[in-house]
Structure formats: C-alpha cells, structure tokens
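Each remark here refers to the structure printed beneath this line.
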Amino acid sequence: MDAMSTIEQSKRVLTISGHHEIRDGVPGVLLSVQDAGIGFKADEMARLFEAFYTTKLQGMGMGLAISRSIIEAHGGRLWAEPNAGPGATFLLSLPGVGNAAS
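As numbered in our numbering, residues 1018 to 1119 make up the sequence shown, in order.
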C-alpha cells in the first residue's frame, strides 16, 4: 500500500492471488501480491531483502529480511519481480504440509 501512496487513487490496484503448484514433484502453494505502485530500480531489486535496507523515508528495513528468513525456515522462498507495467510483484512459494524442511 505504501508503494501506491503517491499514485492517483483511480490507478491504485492491488492483486493478491494464490494457487496450488508442483515444484520438483513436491506439492505446494504459490502466493503473489502485485501492486501498481512505483516499482523498483534495478539497484534496489538486488538489495530488497538485505537487513536495514529500505526505500522508505521511515522504516528500519527489517520487514522483508525477517519475512524471507521465516519463509526459508519453513522450506519456502520469497522474491520480488518488476511488473511489465507499473509496480512490482512479491511472490511466496511454500511446500505443502508434511514437506517443509526440518
């Protein structure tokens, strides 16, 4: 929502979706959160998940780093991609029940 705060209200679109997936023969889920915000510059994309890195004026830069470490501890993956149009998409992949890493 923060990424869209400067976008004209009628152009603000946030799409959250999820679906079942099979990755390397293992069932799981893929969730995506796509916005029509300001997106990221190439140098920002490389650093998004670094602790204490932030693109916000206020913030500690810990949210994405903590989120990624929790997701990875459960056998999942968290990443971001630029959209073809405005904004960015964050994706979260998690293995199905009983398939998470110990």
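Ideal Cβ placement from N, Cα and C applies to all residues, glycine included.
Residue 1045 in three-state terms, based on DSSP
strand
By alpha-carbon positions, which one of 1105, 1110, 1044 and 1085 ends up nearest to residue 1057? 1105
_With distance defined between alpha-carbon atoms, name the residue in 1060, 1069 and 1112 nearest to residue 1097._
1060
- Task: Could I get the ranges of all uninterrupted alpha helix (DSSP H) runs contained in the region 1047-1088, with 4 residues as the minimum, in chain order?
- Result: 1059-1062
What are the residues that DSSP puts in a beta bridge with residue 1036? 1047
**Message:** To the nearest angstrom, how far is the alpha carbon of residue 1004 from that of residue 1075?
**Reply:** The first residue shown for the chain is 1018 and the last is 1119, placing residue 1004 beyond what the model contains.
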